[in-house]
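Asks: Heads up: the sequence shown begins at 486 in my numbering, then just goes up one per residue. Heads up, the beta-carbon is just placed ideally off N, CA and C, and yes, glycines get one too. Pasting in a structure now, in structure tokens, and then I'll have a few things to ask.
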Amino acid sequence: MSTRDIKLAPSILAADFARLGEQVAEAERAGADRVHVDVMDGHFVPNLSMGPAIVQSLRRVTPLPLEVHLMVSDPDLLLDEFAAAGADSLLVHWEGNSNLHRTVQRIRALGKRAGVAINPATPAVVLEEIVRDLDLVLVMTVNPGFGHQPFLQTTLSKIGRVRELLERVGRPCDVEVDGGIDATTAPLVVRAGATVLVAGTAIFGEREGVTAAMIRLQMAIIHLDQELELAEQSVP
Ligand code: DX5
Ligand code: ZN
Numbered sequence: 486m487s488t489r490d491i492k493l494a495p496s497i498l499a500a501d502f503a504r505l506g507e508q509v510a511e512a513e514r515a516g517a518d519r520v521h522v523d524v525m526d527g528h529f530v531p532n533l534s535m536g537p538a539i540v541q542s543l544r545r546v547t548p549l550p551l552e553v554h555l556m557v558s559d560p561d562l563l564l565d566e567f568a569a570a571g572a573d574s575l576l577v578h579w580e581g582n583s584n585l586h587r588t589v590q591r592i593r594a595l596g597k598r599a600g601v602a603i604n605p606a607t608p609a610v611v612l613e614e615i616v617r618d619l620d621l622v623l624v625m626t627v628n629p630g631f632g633h634q635p636f637l638q639t640t641l642s643k644i645g646r647v648r649e650l651l652e653r654v655g656r657p658c659d660v661e662v663d664g665g666i667d668a669t670t671a672p673l674v675v676r677a678g679a680t681v682l683v684a685g686t687a688i689f690g691e692r693e694g695v696t697a698a699m700i701r702l703q704m705a706i707i708h709l710d711q712e713l714e715l716a717e718q719s720v721p
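See below:
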């Protein structure tokens with residue numbers, strides 16, 4: 486796979502909500518592939534964020550796929566509403582869901598892409614029996630609940646284990662990473678096997694603006710291609 490296939494998913498959690506449409510449009514012009522919407526219920530994670538109304542408003546202003554990351558205690562109660570609001574993908578957590586298969590089947594029945602997220606302390610192996618039903622695995626590279634947290638290096642080897650699992654079962658799934666992704670950590674996660682990078686602070690929190698921030702991330706990933714080419718050339 487070439488780094489040209491790597492997708493960027495700006496997380497609007499770090500956006501200026503008073504200028505949300507404008508900021509998403511700028512990210513779109515700068516090459517964003519999808520928009521990541523973080524939903525927090527103040528229970529599954531100790532923070533509150535946004536609900537279906539935001540998805541409905543975004544649906545009117547961007548053609549980009551909208552992926553909804555549900556950090557909530559009972560995602561089943563919200564699937565229909567987010568689907569009706571215009572979500573394209575619904576990502577639910579493995580943690581705390583004793584009926585994950587049912588949740589995933591409901592997402593598929595709604596005609597949406599299904600993703601399962603695993604927290605930093607959750608091993609890749611828990612995905613074994615569910616990956617065949619998924620379009621996306623989300624490896625949390627921070628503990629969910631807040632933006633602007635430092636990337637957890639210990640999650641890098643897990644990205645590789647998720648990739649191996651997907652290859653073994655023959656499921657061509659996105660491997661998405663979320664949390665602490667910036668120009669320094671992006672090459673590390675891509676090298677480890679990630680194909681979709683969520684970034685909040687590194688896109689919407691940069692003083693020089695969204696376009697410059699997107700270019701910086703894209704350059705960090707493209708440099709990796711050059712590194713790989715150089716490494717290949719140096720092999721006798
Ligand atoms: C964390 C959220 C992330 C968050 C990432 O709970 O799931 O999507 O917005 O933010 P940064 O990129 O700032 O770490
Ligand atoms: Zn997220």
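Who are P495's beta bridge partners in DSSP?
Replies: The residue labelled residue 495 in the question sits at position 10 within the sequence shown. Answer by DSSP bridge pairing, in chain order: A684.
Asks: Near T488, what residues of its chain come up, given a Cβ to Cβ distance below 7 angstroms and the 5 sequence neighbours on each side ignored?
Replies: For the purposes of this step, residue 488 is taken as residue 3 along the sequence shown, with counting starting at 1. For T488, where only same-chain residues beyond five positions count, the Cβ hits under 7 angstroms are V675, I706, I707, L709 and D710.
Asks: Would you mind reading off the limits of the alpha helix (DSSP H) that contains S642?
Replies: As a working note, residue 642 is residue 157 in the sequence shown. Start and end: L641 to V654.
Asks: Quick one: residues in its chain with C-beta nearer than 7 angstroms to the C-beta of N532, no 5 flanking neighbours on either side, listed in chain order?
Replies: Translated into positions along the sequence shown, residue 532 becomes position 47. Around N532: M525, G630 and F631.
Asks: Taking 7 angstroms as the cut-off, is the C-beta of H554 nearer than that to any heavy atom in the ligand ZN?
Replies: The count along the sequence shown starts at 1 and reaches residue 554 at position 69. Within the cutoff, so yes.
Asks: So, are the CB atoms of I539 and V522 less than 8 angstroms apart?
Replies: Taking the first residue of the sequence shown as 1, we reach residue 539 at position 54. Taking the first residue of the sequence shown as 1, we reach residue 522 at position 37. Result yes, Cβ atoms of I539 and V522 sit closer than 8 angstroms.
Asks: Pick from A684, V654, M556 and G581: whose alpha carbon is nearest that of E477?
Replies: Since the first residue of the chain shown is 486 and the last is 721, residue 477 is not available in this structure.
Asks: Kindly indicate if chain D contains any beta-carbon less than 8 angstroms away from that of V522.
Replies: The chain labelled as chain D is not found in the depicted structure, where only one protein chain is given.
Asks: Among I603, I592, D663 and E507, whose alpha-carbon lies nearest the alpha-carbon of G581?
Replies: In the sequence shown, counting from the first residue as 1, residue 581 sits at position 96. It is I603 whose Cα lies nearest to the Cα of G581.
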